[in-house]
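> Here it is, the structure, as structure tokens.
Protein chains: 4
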Amino acid sequence: MKVIVDLCIIPIGVGVSLSPYIAACEKILSEAQLKTQLHANGTNIEGEWEEVFAAIKRCHEVIHEMGAPRITTIVRCGTRVDRDQSLEDKIRSVQARLTKE
Amino acid sequence: MKVIVDLCIIPIGVGVSLSPYIAACEKILSEAQLKTQLHANGTNIEGEWEEVFAAIKRCHEVIHEMGAPRITTIVRCGTRVDRDQSLEDKIRSVQARLTKE
Amino acid sequence: MKVIVDLCIIPIGVGVSLSPYIAACEKILSEAQLKTQLHANGTNIEGEWEEVFAAIKRCHEVIHEMGAPRITTIVRCGTRVDRDQSLEDKIRSVQARLTKE
Amino acid sequence: MKVIVDLCIIPIGVGVSLSPYIAACEKILSEAQLKTQLHANGTNIEGEWEEVFAAIKRCHEVIHEMGAPRITTIVRCGTRVDRDQSLEDKIRSVQARLTKE
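Residue numbers (the working numbering), protein chains in the order written: chain P, 1 to 101; chain Y, 102 to 202; chain A, 203 to 303; chain F, 304 to 404.
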């Protein structure tokens, strides 16, 4: 089952600078050969359910190893069986509407 | 790795009455022998990472089988390595603060 | 416009013990005379849009005053125009399904 | 108080094609002269708290007027008092870490 995910990981108890932890996650997602798009508030991911959630678990493990005692993660995940849709398709379908008007 | 999750599943394309789908998920979580607490906007879950996310995947599969072409799910998940914490602990720690004052 | 909200506030840069901040928010919501239900991963709120979001803004202000340099908040909010629905109605509609089967 | 928001609006009860509703929200945010960045799973917004949440309320009103009986919206919002940070800063801080390694 293919899934499209928006991932936002918040390490807690390591101060206010979270970019080292987010960068570590980007590397994990990249090594897992998942399609990703970093944005200002998270990372969009496209892949198979098992692989995506295995990578998210790995992110938690690595961030704990980096010293974060606590992590809260927000995952918004979408599946659909009516048709195949990519990260690019999702943006294009909105932009097409905006252009038409 | 133990995880505490807030799960909110939104079937899309099946009208406005979502309770049959939420009830089906409650049964899946219960059959998976996970500790759960239903609340007005979702379900809190406590369990091992693998088991919790296998159950969430099963929820997606079953809701699609029930006829929903599309699903968006919001998972907030927390892990911590500094101490063990249950669903009840989380509520108690806030209530203890409120009582003290 | 009435809104039902699930509020999860995460102060960042103040260590791992977040309950003093959550308790402060509970007091703000209570003083705003909003209907609330604390649960393990957040607080459910029922009220008028303007009042609910004014209270959430006040939570951010107070948590910053308490010393948190950074806050991330997750708000899931629902509105509907087909019928009136309370926090209790939402739980009851799922529980009714579970009992019926 | 400045806020950075990730907005994900899910109209319920209008079928599976949600892009007309998302496009309508993009127009509302643009007319409100907020800085926005559309991504595959939502829209990032940067602005003053009052203006951002007034625009989000307007999105709910317009989507209901367009015929959606029910809406669930997920807002992740961040404020910080330690320093000013833009949408671009947030991406750059992660990318700088990735390049350095």
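C-beta: ideal position from N, C-alpha, C; glycine also.
Please confirm whether residue 375 (chain F) has its beta-carbon closer than 7 Å to some beta-carbon of chain Y.
The residue given as residue 375 (chain F) occupies position 72 in the fourth sequence. For residue 375 (chain F), the answer is yes, since a Cβ of chain Y falls inside 7 Å of its Cβ.
> At 3 residues or longer, what runs of the beta strand (DSSP E) sit wholly inside the segment 17-84 of chain P?
If only complete runs of 3 or more residues are kept, the segment 17-84 of chain P shows the beta strand (DSSP E) at 35-39, 42-48 and 70-80, in order along the chain.
> Is the CB-CB distance between residue 225 (chain A) and residue 264 (chain A) below 7 Å?
Taking the third sequence and counting its residues from 1, the one referred to as residue 225 (chain A) is at position 23. Taking the third sequence and counting its residues from 1, the one referred to as residue 264 (chain A) is at position 62. Taking 7 Å as the Cβ cut-off, residue 225 (chain A) and residue 264 (chain A) do not qualify as a contacting pair.
> Please tell me whether residue 69 (chain P) has its Cβ less than 7 Å away from any Cβ of chain Y.
Locating residue 69 (chain P) in the first sequence gives position 69, counting from the first residue. So, interface residue.
> Here's the rule: buried if 16 or more other CB atoms are within 10 angstroms of the residue's CB, otherwise exposed. What is residue 90 (chain P)?
The sequence position of residue 90 (chain P) within the first sequence is 90, counting from 1. With 16 or more other Cβ atoms within 10 Å, it is buried.
> Which residue comes first and which comes last in the alpha helix (DSSP H) that contains residue 195 (chain Y)?
For the purposes of this step, residue 195 (chain Y) is taken as residue 94 along the second sequence, with counting starting at 1. That run of the alpha helix (DSSP H) goes 188-201.
> Just grab the DSSP bridge partners of residue 216 (chain A) for me.
Working through the third sequence from its first residue, we reach residue 216 (chain A) at position 14. Checking the DSSP bridge columns, you'll see residue 216 (chain A) has no partner listed.
> Considering only the beta carbon of each residue, do residue 107 (chain P) and residue 347 (chain F) sit closer than 7 Å?
Residue coverage of chain P in this structure runs from 1 to 101, which leaves residue 107 (chain P) outside it and unanswerable.
> Between residue 296 (chain A) and residue 127 (chain Y), how many whole angstroms is the CB-CB distance? I'm expecting something under 8 Å.
On the third sequence, position 94 is the one that residue 296 (chain A) refers to. On the second sequence, position 26 is the one that residue 127 (chain Y) refers to. Indeed they touch by this definition, with Cβ atoms about 7 Å apart.
> Report buried or exposed for residue 386 (chain F), applying the criterion of at least 16 other Cβ atoms within 10 angstroms of its Cβ.
Reading the fourth sequence from its first residue, position 83 is the one you call residue 386 (chain F). Exposed, by the Cβ-count rule.
> Give a yes or no on whether 7 Å exceeds the smallest Cβ distance from residue 114 (chain Y) to chain F.
Here the question's residue 114 (chain Y) lines up with position 13 in the second sequence. Output row for residue 114 (chain Y): interface = yes.
> Taking Cβ positions, are residue 72 (chain P) and residue 28 (chain P) nearer each other than 7 Å?
For the purposes of this step, residue 72 (chain P) is taken as the residue at position 72 of the first sequence. For the purposes of this step, residue 28 (chain P) is taken as the residue at position 28 of the first sequence. For residue 72 (chain P) and residue 28 (chain P), no; Cβs fall outside 7 Å.
> Between F:305, F:384, F:324 and F:317, which lies nearest to residue 337 (chain F) when the distance is taken from Cα to Cα?
Within the fourth sequence, residue 337 (chain F) is the residue found at index 34, counting from 1. Nearest Cα to residue 337 (chain F) within the set F:305, F:384, F:324 and F:317: F:305.
> In whole angstroms, what separates the C-alpha of residue 335 (chain F) from that of residue 315 (chain F)?
Reading the fourth sequence from its first residue, position 32 is the one you call residue 335 (chain F). Reading the fourth sequence from its first residue, position 12 is the one you call residue 315 (chain F). When rounded, the distance between both Cα atoms is 25 Å.
> Rounded to a whole number of angstroms, what is the C-alpha to C-alpha distance between residue 48 (chain P) and residue 311 (chain F)?
For the purposes of this step, residue 48 (chain P) is taken as the residue at position 48 of the first sequence. For the purposes of this step, residue 311 (chain F) is taken as the residue at position 8 of the fourth sequence. Cα to Cα, residue 48 (chain P) sits roughly 22 Å from residue 311 (chain F).
> Select from F:319, F:317, F:383 and F:339 the residue whose C-alpha is nearest the C-alpha of residue 390 (chain F).
In the fourth sequence, the residue the question calls residue 390 (chain F) occupies position 87. For residue 390 (chain F), the nearest C-alpha among the options comes from F:339.
> Inspect the beta-carbon positions of residue 319 (chain F) and residue 171 (chain Y) and report whether they are closer than 7 Å.
Taking the first residue of the fourth sequence as 1, we reach residue 319 (chain F) at position 16. Taking the first residue of the second sequence as 1, we reach residue 171 (chain Y) at position 70. Closer than 7 Å, so yes.
> With distances taken between CB atoms, is the gap from residue 279 (chain A) to residue 207 (chain A) smaller than 7 Å?
The residue given as residue 279 (chain A) occupies position 77 in the third sequence. The residue given as residue 207 (chain A) occupies position 5 in the third sequence. Taking 7 Å as the cut-off, the Cβ atoms of residue 279 (chain A) and residue 207 (chain A) count as close.
> Identify, in the order they occur along the chain, each residue of the same chain with its Cβ nearer than 8 Å to the Cβ of residue 360 (chain F), setting aside the five sequence neighbours on each side.
Reading the fourth sequence from its first residue, position 57 is the one you call residue 360 (chain F). There are no such residues.
> Using the beta-carbon of each residue, which ones in chain P are nearer than 8 Å to residue 206 (chain A)?
Here residue 206 (chain A) corresponds to residue number 4 of the third sequence, with the count starting at 1. Chain P residues near residue 206 (chain A): none, gap ~19 Å exceeds 8 Å.
> Considering only the beta carbon of each residue, do residue 75 (chain P) and residue 153 (chain Y) sit closer than 7 Å?
The residue you call residue 75 (chain P) lines up with position 75 of the first sequence. The residue you call residue 153 (chain Y) lines up with position 52 of the second sequence. No; because the gap between Cβ atoms is not below 7 Å, this pair is not in contact.
> With 7 Å set as the bound, which would you pick, yes or no: does the beta-carbon of residue 126 (chain Y) sit closer than that to a beta-carbon of chain P?
On the second sequence, position 25 is the one that residue 126 (chain Y) refers to. Chain P contact via Cβ: absent.
> Quick check: what's the CA-CA separation for residue 46 (chain P) versus residue 358 (chain F)?
Counted from its first residue, the first sequence places residue 46 (chain P) at position 46. Counted from its first residue, the fourth sequence places residue 358 (chain F) at position 55. Those two C-alpha atoms are separated by around 29 Å.
> Mind listing the chain Y neighbours of residue 76 (chain P)? Cutoff is C-beta to C-beta under 9 Å, in chain order.
By one-based count along the first sequence, residue 76 (chain P) stands at place 76. Per Cβ cutoff of 9 Å: 173, 174, 175 and 176.
> Using a C-beta to C-beta distance shorter than 8 Å, which residues of chain P count as neighbours of residue 162 (chain Y)?
To locate residue 162 (chain Y), count along the second sequence from 1; it is residue 61. Simply 1.
> With a threshold of 7 Å between beta carbons, is residue 81 (chain P) in contact with chain Y?
As a working mapping, residue 81 (chain P) is identified with position 81 in the first sequence. Residue 81 (chain P) has a beta carbon lying within less than 7 Å of a beta carbon in chain Y.
> Say whether chain Y places a C-beta atom closer than 7 Å to the C-beta of residue 292 (chain A).
Locating residue 292 (chain A) in the third sequence gives position 90, counting from the first residue. Yes, its Cβ sits closer than 7 Å to a Cβ of chain Y.
> Indicate whether residue 322 (chain F) and residue 97 (chain P) have their beta-carbon atoms separated by less than 7 Å.
Here residue 322 (chain F) corresponds to residue number 19 of the fourth sequence, with the count starting at 1. Here residue 97 (chain P) corresponds to residue number 97 of the first sequence, with the count starting at 1. Result yes, Cβ atoms of residue 322 (chain F) and residue 97 (chain P) sit closer than 7 Å.
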